[in-house]
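Residue numbers (the working numbering): 778 to 941. Heads up, the beta-carbon is just placed ideally off N, CA and C, and yes, glycines get one too. Being a predicted model, the structure only gives us computed values, none of them experimental.
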Amino acid sequence: MVKGCHFAWSRVLIEAKKMKISEVRVKLINNKDDRLKAFCSMTVDNEFVVRDIKVIEGTSGYFVAMPSRKISDHCEKCGGKNHLRARFCNNCGASLPENRARQDIKGRMKLHADIAHPINAECRQRIQEKVISAFEEELEKSKEPGYKPPEMDEPDDEVPEIVS
Ligand SMILES: [Zn+2]
778 MVKGCHFAWS
788 RVLIEAKKMK
798 ISEVRVKLIN
808 NKDDRLKAFC
818 SMTVDNEFVV
828 RDIKVIEGTS
838 GYFVAMPSRK
848 ISDHCEKCGG
858 KNHLRARFCN
868 NCGASLPENR
878 ARQDIKGRMK
888 LHADIAHPIN
898 AECRQRIQEK
908 VISAFEEELE
918 KSKEPGYKPP
928 EMDEPDDEVP
938 EIVS
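Here you go:
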């Protein structure tokens with residue numbers, strides 16, 4: 778082996794092991810006032826799909842939000858499950874204490890938890906770039922006559938209760 782090649786090959790191997798985003802599907806949301814611009818699904822390595830990825834218009838451009846669910850807690854009286862913003866129990870009607878949500882470092886209430894998400898900034902960046910460029914491509918396509926949006930079932934904002 779030629780000297781100096783070793784480093785290059787280990788880099789190739791590291792790159793090969795990384796998750797590859799093989800497809801992104803974009804469903805544009807036509808609502809001019811809403812910051813939510815699209816729902817996307819992403820296929821990883823041709824064999825795993827993550828749905829309900831959102832493209833959101835922020836103050837400094839578009840960003841990607843990973844699929845998330847509303848965090849809930851249990852009523853002290855009956856044990857029923859309620860979202861953290863609920864003032865009364867869905868199950869027994871008891872009044873619930875306010876400010877039950879934990880706060881993040883910026884003091885914002887933590888009401889949602891990611892269902893699937895990257896665990897490092899580099900991967901987040903890769904997902905962001907792929908999804909945003911697919912979104913921008915779809916946006917261009919949508920301006921052409923006869924545009925047909927991709928077949929995707931309507932995403933759900935609510936997560937069904939898991940009966941255990
Ligand atoms: Zn209750």
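Chain-ordered, the residues whose CB falls short of 6 Å from any heavy atom of ligand 1 come out as C852, K854, C855, G857, C866, N868, C869, A871. One alpha carbon belongs to N808, the other to K920, and they sit about 15 Å apart. By the Cβ neighbour-count rule, S818 is buried, with 16 or more other Cβ atoms within 10 Å of its own.
In the three-state reduction of the DSSP assignment, S837 falls in the coil class, being assigned neither a helical nor a strand state.
For N867, the closest C-alpha among the options E853, E915, A878, S845 is that of E853.
In the three-state DSSP reduction, E875 falls in the coil class, being neither helix nor strand. Non-local C-beta neighbours of E800 in its own chain, meaning closer than 6 Å and more than five positions away in sequence, comprise T820, ordered along the chain.
With fewer than 16 other beta carbons inside 10 angstroms of its own, L813 counts as exposed.
Around the CB of V826, fewer than 16 other CB atoms lie within 10 Å, so the residue is classed as exposed. The beta-carbon distance between E928 and V803, rounded to whole angstroms, is 12 Å. This is too long to meet the 8 Å contact definition. Taken atom to atom, the span from the alpha-carbon of E899 to that of E906 is near 11 Å.
Runs of the beta strand (DSSP E) lying entirely within the stretch 847–909 and spanning at least 3 residues, in chain order: 849–851, 858–860, 889–891.
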